[in-house]
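These protein sequence lines map, in sequence, to chains A and B.
The first sequence runs contiguously to residue 352 in this note's numbering.
The second sequence runs contiguously to residue 352 in this note's numbering.
Only one structure is covered here, and it is reproduced in the block below.
Number of protein chains: 2
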Amino acid sequence: MRFQEYIKKKREIVNQALDKYLPDGSREPKSLHKAMRYSVFAGGKRLRPILAIASFEAVGGKGGGILPVACALEMIHTYSLIHDDLPCMDDDDLRRGKPTLHKVYGDGVAVLAGDALHALAFELLLQAKNSQVVLEVAKAIGTEGMIGGQVKDLEAEGKKVSLKQVEYIHTHKTGKLLRASIRVGAILGGADKATLLALSGYGEKFGLAFQIVDDILDVVGKEEIIGKKKGSDKANSKATYPEVIGLEKSKILAKHLLQKAKSKLRTLGRKSWVFEGLADYVYERIG
Amino acid sequence: MRFQEYIKKKREIVNQALDKYLPDGSREPKSLHKAMRYSVFAGGKRLRPILAIASFEAVGGKGGGILPVACALEMIHTYSLIHDDLPCMDDDDLRRGKPTLHKVYGDGVAVLAGDALHALAFELLLQAKNSQVVLEVAKAIGTEGMIGGQVKDLEAEGKKVSLKQVEYIHTHKTGKLLRASIRVGAILGGADKATLLALSGYGEKFGLAFQIVDDILDVVGKEEIIGKKKGSDKANSKATYPEVIGLEKSKILAKHLLQKAKSKLRTLGRKSWVFEGLADYVYERIG
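Quick look at the structure:
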């Protein structure tokens, strides 16, 4: 209960901050600002901002200095989803149960709204006044991070992929930004080296497990929960863990990774409860 | 002659630095890195890097600290062209006389290569260790800068636009990044307030004139020089100065703006010669 209250409270704080940082839809160029808001407020779980805030607080960080960074992470995540949903990429019509941005505003505005969120994220990251934080994020979303994973994901479509390949895709496409979210929170909160290392380790295992669970839910999840048609990965011939190692082995692996993630947190002691809760939450999604 | 030698020399230095900063095409993900290099080395004039370097040197900046910033500006410019050329945007098949990126690598990789250049640019900007520089660029390419202009440009297609609208599009889509290029060079070079203001003023006038000349060349230019089919703006029903105020008035306005740009440089004294040369060069393109 304490965990759920924490998540709910942080989610509200993040939503308020996002509302503050995003230009108003009545300001020119209106359609662009409205499009950005449409996607950012389409019902995201705010996982990345929550990871950053939890990490910041776990290492003793105080005050609202983490908020612009937390919101930047959500904007980057949103921009990547917008581009990912485009007809020339995954061609998805639904995201979180709502029509995808390009379905409402057209493909051109969707490309540009993604680009604008990308640039705005860096404006916000700069507010942290910590260049390591900005660099961590820039690297996590570059060719050896998120975009690298997306390219490999795109190229794997319709092909038979190996376990090594799907691991590369997942750790890069999703994992690197999740890991960076935890790391930047810890860095801004003033974590010592050992704690930063422990949290990074958690982030790595958690990030991969999270994406494997996402794959699993695409096969067995309820559509009203996953917010899109079940089986869309298979329909798009995407590289997924269930496709490569089967459903049962994927579940076992995800659970194993989440256990490993939790085991990294020993040095944090009692302050690790949010991260344990998050691991349990992901665990519970696959039953 | 001195001007042309300067430009040639700086262009070579920029090309070498771009080659150093861009991941090698033999490194994974290979297709992404190759795609980024294809577009960056498709024959750009390196105007933005040269503006930044010229500005840096004019105010007394020394050493290579400007180079990562100069290359970041070129990468941002390239990313914007890649996205702009996509079928859902301007749908251009040729750029600088070569097939556009999406024609060679597909639309999906083109979206991602643009995104990757965008992120890499911020990595490079951070090397300046000057947050004002990063912020200036982030703002110049955001919703009240480049992307704002691109959205308005997209929305104006096929519609009758006013002079005010086309001015907004040009000053934002092209002008803001050109102005920022000059400003970040001056900031890094340690310019005083008055000099920064003078160079900004030049950048503003120069930026608008540059885009008006681009419009004019689309009507009267030689295809082997402009690198794409003449009349593509008209074919795409783009908002241009010749379309709104006619060809002759556009020429007069461009020349007037370039004169005004040069007049801003009085405080720079003898150090203004590169900027005068650049204004003259743009002037001469329309004869």
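Yeah, the Cβ is synthetic: ideal placement off N, Cα and C, and Gly gets one too.
| Asked | Found |
| --- | --- |
| Inter-residue spacing [alpha-carbon to alpha-carbon] between B/D112 and A/V249 | Per the sequence shown, the amino acid found at residue 112 of chain B is Leu instead of Asp. When rounded, the distance between both Cα atoms is 35 angstroms. |
| Chain A within 8 angstroms of B/E188, Cβ atoms only | yes |
| Three-way DSSP call (helix, strand, coil) for B/P164 in this model | strand |
| Proximal chain B residues relative to A/G90, where beta-carbon distance stays under 8 angstroms | In chain order: nothing, as chain B lies at least about 11 angstroms away. |
| Contact set for B/D149: own chain, Cβ-Cβ below 8 angstroms, skip 5 residues either direction | D155, D157 and Q215 |
| Segment limits, alpha helix (DSSP H) that includes A/D355 | Since the displayed chain A opens at 66 and closes at 352, residue 355 of chain A lies outside it and no answer follows. |
| Residues from the segment 86-112 of chain B in contact with chain D, defined by Cβ distance under 8 angstroms | In the structure shown, chain D cannot be found, because the protein chains are A and B. |
| Given A/L146 as reference, the closest of A/G126, A/K127 and A/H183 once Cα atoms are compared | A/H183 |
| Cβ pair count under 8 angstroms reaching 3, the segment 123-137 of chain A against the segment 181-200 of chain A | yes |
| CB contact check: B/G207 to chain A, cutoff 8 angstroms | yes |
| Candidates B/K287, B/Y346, B/Y71 and B/D280, of which the one nearest B/S302 by Cα | B/D280 |
| 6 angstroms Cβ shell around A/S337 - same chain, five flanking residues per side excluded | L330 |
| Extent of the continuous alpha helix (DSSP H) run through A/D172 | D172 to L191 |
| 8 angstroms Cβ cutoff, A/V199 in contact with chain B | yes |
| Near-chain B residues of the segment 145-176 of chain A - C-beta to any C-beta below 7 angstroms | H148, L151, C153, M154, D172, G173, V174 and V176 |
| C-alpha distance - A/T332 paired with A/I247, whole-angstrom precision | 16 angstroms |
| B/T332, enclosing alpha helix (DSSP H) - first and last residue | No alpha helix (DSSP H) contains B/T332, which DSSP labels as neither H nor E. |
| Buried or exposed by the 16-neighbour rule on C-beta atoms within 10 Å, applied to B/H321 | exposed |
| Own chain partners of A/E201 with C-beta closer than 8 angstroms, once the 5 adjacent residues on each side are dropped | A245, R248, V249 and I252 |
| Within chain A, partners of B/E220 - CB distance below 7 angstroms | S96 |
| Interface flag, A/Q230 vs chain B, CB-CB below 8 angstroms | no |
| Beta-carbon proximity check, B/K217 vs B/G210, cutoff 8 angstroms | no |
| Proximity winner among B/F106, B/I72, B/K270 and B/V231, relative to B/Y86 (alpha-carbon distances) | B/F106 |
| Neighbour-count burial assignment, B/K270, 16 or more Cβ in a 10 Å radius | buried |
| Between the CA atoms of A/F275 and B/R92 - distance to the nearest angstrom | 27 angstroms |
| Distance, A/G171 Cα to A/A304 Cα | 27 angstroms |
| Nearest-angstrom Cβ-Cβ length linking B/L151 and B/A175, presumed shorter than 8 angstroms | 6 angstroms |
| CB contact flag (A/A221, A/I234, <8 angstroms) | yes |
| Beta-carbon proximity of B/F68 to B/G254, cut-off 8 angstroms | no |
| Neighbour flag for B/S120 against chain A, beta carbons, 8 angstroms | no |
| Check whether B/A344 and B/K327 have beta carbons under 8 angstroms apart | yes |
| Residue of B/Q324, B/H98 and B/A256 minimising C-alpha distance to B/I118 | B/A256 |
| Identity of the residues DSSP links to B/L159 by a beta bridge | B/P164 |
| Simplified DSSP state of A/R350, which is helix, strand or coil | helix |
| 8 angstroms Cβ cut-off: residues of chain A touching B/A203 | A184, L185, F187, E188 and L191 |
| CA nearest to the CA of B/G272, picked from B/L116, B/A100, B/R76 and B/G108 | B/L116 |
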